[in-house]
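Student: Sequence positions in the sequence shown follow UniProt numbering and run 1 to 475. I have a structure I would like to understand better, so I am pasting it below and will then ask my questions one at a time.
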Amino acid sequence: MMLLMFQNLSWAIYDSAVYIAHFLLAITCEIVPKSWVTIDTSRRRPQFMSQDPSICRQIIAGVIQHHQCQNIIPPNASRAIVNQPLKVAFGIDNAFTRSDDSEVSSFVTAARAKMNLSADGWFAVSRFARATTRNWSVKQCLLVTHSTSQLQGAMGSHINIASMAQILTLRVVLRVMFDKTDQDKICDMSILTLAQPINRAWIAQKGAQENQILRFEDDVPMQEALFDIFGTRNIMPGNNPLNIILPSFETMWRIVLRTVLEIGFVGSAEHPEWESSVVAFAMEPTKRQFELDQNPRLSSRSSSHGQNISSSPHDSMRETFSAKHLVFESLRLYVPTRRVHRAYQWSENAGSHETLSADIEGCHLRRDIWGDDAKEFNPSRWLNLTHIQKEAFMPFGCVPFECPAKPTFGPRMIGLLAGAILEAFGELSTDVGWRLVCDDKGVPEHLRSGQGLSLDRTAYGDLFLARAPGRHSMM
Ligand code: HEM
């Protein structure tokens, strides 16, 4: 009943400017909690955005109603319309841009098959990822070219940590999704020159008008980078490698980077065991190891709202968490897909569609759902999740569009890649191993402040790993 009232009220607000006055009145009277609804007037048309998990799920499914009217745009088309800019910028034709149900499901089936790794397959990826990061750590650089390298020359033994997360993620995507098992001839620079235009184009197409977007056909750096790796020109939408690269790489590298920073830098002084859990999983990428809680005796001691009850870093009875809990907490706090948008139209005569948005990040950070420490990294909350917390956690979207990577591939691959980086560059926050450096001293200070990491795509672009003074190279 409450939900119905809220929904109707929200739609009344949405209808016209007159109702904004009602909305403000409603907020003043605290009928609608302020955090649940946002009216965004920065775009051409007013947007409706919700942070209510149940409403978000309805928005995503395309079934939310307005004055008893259904959306006349079918669910897949409702997603494809809002993703039109991706078609322009990346020339893609995949589940996100197709309207036809059977075409969408055949794409999803093919993607699911690719990520269905056998136990041996997981160990092979683990060896590959760990050898890659170990190589960087030993050589103290990203291997940009085989002899003279732009990046190496420019950075000395400083390694750009965002570039490292991008290169490692993209290498693994190429291996798993495109069977590129022999990557010796693809240097890090080639990988980076694909990763960078993808990020640049992703940022540029957000909220842009179609005619403001650089078209895929005209994006010379992107075309050259694809040619360098895949050896084809004149890429058509149906066989564009970006159909797969985009959903896998774009989401994963950012969460891998943040997991590394959170576990290896922000939390490592007080919780060195977090790093151990993730590294152990990278070395043995099995279901058992992913879920292994090394000290189950204390698991039941944490509260449902995540109060951390362990007292001292030296307490031998302190809690430890599985890699799974650490990855889930990272996905909650640093969700890669912050908002999911859908096109809605209520009648043939309505003119054009409206965009409704599910604010996933908002759902993940609501204090009334997650507790007063909602904005803090606290893996203990995963030991006792409430029903509403389960419903609010949607890093992989929800039915009927749930990401095929949700059950296994996504969470475990994040753990594996973060673990491979931490194994090679561990002890980030101590004086004995690698440390983080940045020209802007405010960045490491902000990391240490406990205020949480930035979700901005360009954040941490100037953050480098450097060998701590007095430590000799392992070469
Ligand atoms: C950290 C990893 C990942 C995250 C956070 C993530 C997130 C998401 C989200 C939020 C959706 C729903 C989008 C919507 O409803 O519009 C989605 C769908 C999808 N994702 Fe992922 N994803 C990840 C990894 C991957 C990977 C590795 C692939 C492999 C190709 C992939 C392929 C897909 C596909 C095909 C869909 C569409 C599903 C459908 O239409 O039924 N994702 N993902």
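Using N, Cα and C, we set each Cβ at its ideal position, and we do this for glycine too.
Here's a check: name, in chain order, each residue in its chain whose Cβ is nearer than 6 angstroms to the Cβ of T374, leaving out the five neighbours to either side.
Tutor: The question names Thr, yet the displayed sequence has Ala at residue 374. Counting only Cβ-Cβ distances below 6 angstroms, and skipping sequence neighbours, we find L365, R367.
Student: DSSP on N83, reduced to helix/strand/coil?
Tutor: DSSP places N83 in coil when its eight states are reduced to three.
Student: Expressed to the nearest angstrom, what Euclidean distance is found between the alpha-carbon atoms of I81 and M164?
Tutor: Spanning the two alpha carbons is a distance of roughly 34 angstroms.
Student: Using the C-alpha atoms, what's the distance from R339 back to I92?
Tutor: The straight-line gap from Cα to Cα measures roughly 20 angstroms.
Student: Using 7 angstroms as the threshold, is the C-beta distance between W253 and F328 below it?
Tutor: No, the Cβ-Cβ distance between W253 and F328 is not below 7 angstroms.
Student: How big is the Cα-Cα spacing for S380 and H325?
Tutor: Their Cα atoms are separated by approximately 8 angstroms.
Student: Output the boundary residues of the beta strand (DSSP E) element that contains R258.
Tutor: Taken as a continuous stretch (DSSP letters only), R258 belongs to no beta strand (DSSP E), being part of the alpha helix (DSSP H) at 251-261.
Student: What are the boundary residues of the alpha helix (DSSP H) that includes V138?
Tutor: Here the alpha helix (DSSP H) through V138 covers 119-139.
Student: Is the region 81-90 in contact with the region 411-422, if contact means three or more CB pairs nearer than 8 angstroms?
Tutor: As far as the Cβ criterion goes, the region 81-90 does not touch the region 411-422, which means the pair count is below three.
Student: Is the beta carbon of F396 within less than 6 angstroms of some heavy atom of ligand 1?
Tutor: The answer is yes for F396.
Student: Just the C-alpha distance for H271 and S449, rounded to the nearest angstrom, thanks.
Tutor: Cα to Cα, the separation comes out at about 15 angstroms.
Student: As an exercise, report each continuous alpha helix (DSSP H) stretch of at least 4 residues that is fully enclosed by the region 325-355, in chain order.
Tutor: Listed in chain order, nothing qualifies, since the region 325-355 has no complete alpha helix (DSSP H) run of 4 or more residues.
Student: Say the cut is 6 angstroms; is the CB of A95 nearer than that to a heavy atom of ligand 1?
Tutor: Correct: A95 has its Cβ closer than 6 angstroms to ligand 1.
Student: Does the region 114-128 come within contact of the region 282-289, defined as at least 3 CB pairs closer than 8 angstroms?
Tutor: With the cut-off at 8 angstroms, the region 114-128 and the region 282-289 touch.
Student: Check whether the Cβ atoms of I213 and Q205 lie closer than 7 angstroms to each other.
Tutor: It is a contact, given that the beta carbons lie within the stated cut-off.
Student: Ligand 3 and A131: does any heavy atom of the ligand fall closer than 6 angstroms to the residue's C-beta?
Tutor: Ligand 3 is not among the ligands present in this structure, which contains only ligand 1.
Student: Measuring alpha carbon to alpha carbon, tell me which of P241, H158, P400 ends up nearest C438.
Tutor: C438 has its Cα closest to that of H158, out of P241, H158, P400.
Student: Please return the same chain residues whose Cβ sits closer than 8 angstroms to the Cβ of A392, not counting the five positions on each side in sequence.
Tutor: Once the five neighbours on either side are set aside, the close Cβ partners of A392 are P53, C363, H364, R366, I369, W370.
Student: Going by other Cβ atoms of all chains shown within 10 Å of its Cβ, with 16 needed for buried, is S137 buried or exposed?
Tutor: S137 comes out buried.
Student: Cβ of P395 within 7 angstroms of Cβ of L356?
Tutor: No, the Cβ-Cβ distance between P395 and L356 is not below 7 angstroms.
Student: Within the present structure, is the beta-carbon of residue 476 separated from the nearest heavy atom of ligand 1 by less than 6 angstroms?
Tutor: For the chain, the structure presents residues 1 to 475; residue 476 sits outside this window and is missing.
Student: Taking the continuous alpha helix (DSSP H) assigned at V279, which residues delimit it?
Tutor: Per DSSP, V279 belongs to the alpha helix (DSSP H) from 272-283.
Student: Just the C-alpha distance for G415 and Q166, rounded to the nearest angstrom, thanks.
Tutor: Computed Cα separation, rounded: 15 angstroms.
Student: Under 6 angstroms from any heavy atom of ligand 1, does the C-beta of R79 make it?
Tutor: The answer is yes for R79.
Student: Does the beta-carbon of M252, which I'm using as the reference point, lie nearer than 6 angstroms to any heavy atom of ligand 1?
Tutor: Flag set: Cβ of M252 near ligand 1.
Student: Taking Y344 as the reference, give the member of Q65, I245, V278, E250 with the closest Cα.
Tutor: If we check each option's Cα against that of Y344, Q65 comes out closest.
Student: Using the DSSP secondary-structure output, state which residues sit across from I159 in a beta bridge.
Tutor: Per DSSP, L465.
Student: What's the gap between the Cα of M189 and the Cα of Q389?
Tutor: Approximately 42 angstroms, taken between the alpha carbons.
Student: Tell me whether Y14 sits in a helix, a strand or coil according to DSSP, three-state version.
Tutor: In this prediction, Y14 scores a pLDDT of 43, lower than 50, which makes its location untrustworthy; the coordinate-derived value is nonetheless stated afterwards. Reduced to three states, the DSSP call for Y14 is helix.
Student: Beta-carbon within less than 7 angstroms of S304's beta-carbon, same chain only, minus the 5 sequence neighbours each way: which residues are those?
Tutor: For S304, the predicted model reports a pLDDT of 33, less than 50, meaning its position is unreliable; a value from the coordinates is still stated below. The residues are N384, T386.
Student: What would DSSP say about A269, mapped onto helix, strand or coil?
Tutor: Coil.
Student: Based on DSSP bridge pairs, tell me the residues matched to V437.
Tutor: DSSP, once it has assigned bridges, lists F464 as partnering V437.
Student: Can you tell me which of the three DSSP states residue 480 falls into?
Tutor: Because the chain spans 1 through 475 in this model, residue 480 falls outside it and cannot be assessed.
Student: From K114 to K441, what distance separates their C-alpha atoms?
Tutor: Each residue's Cα considered, the two are about 42 angstroms apart.
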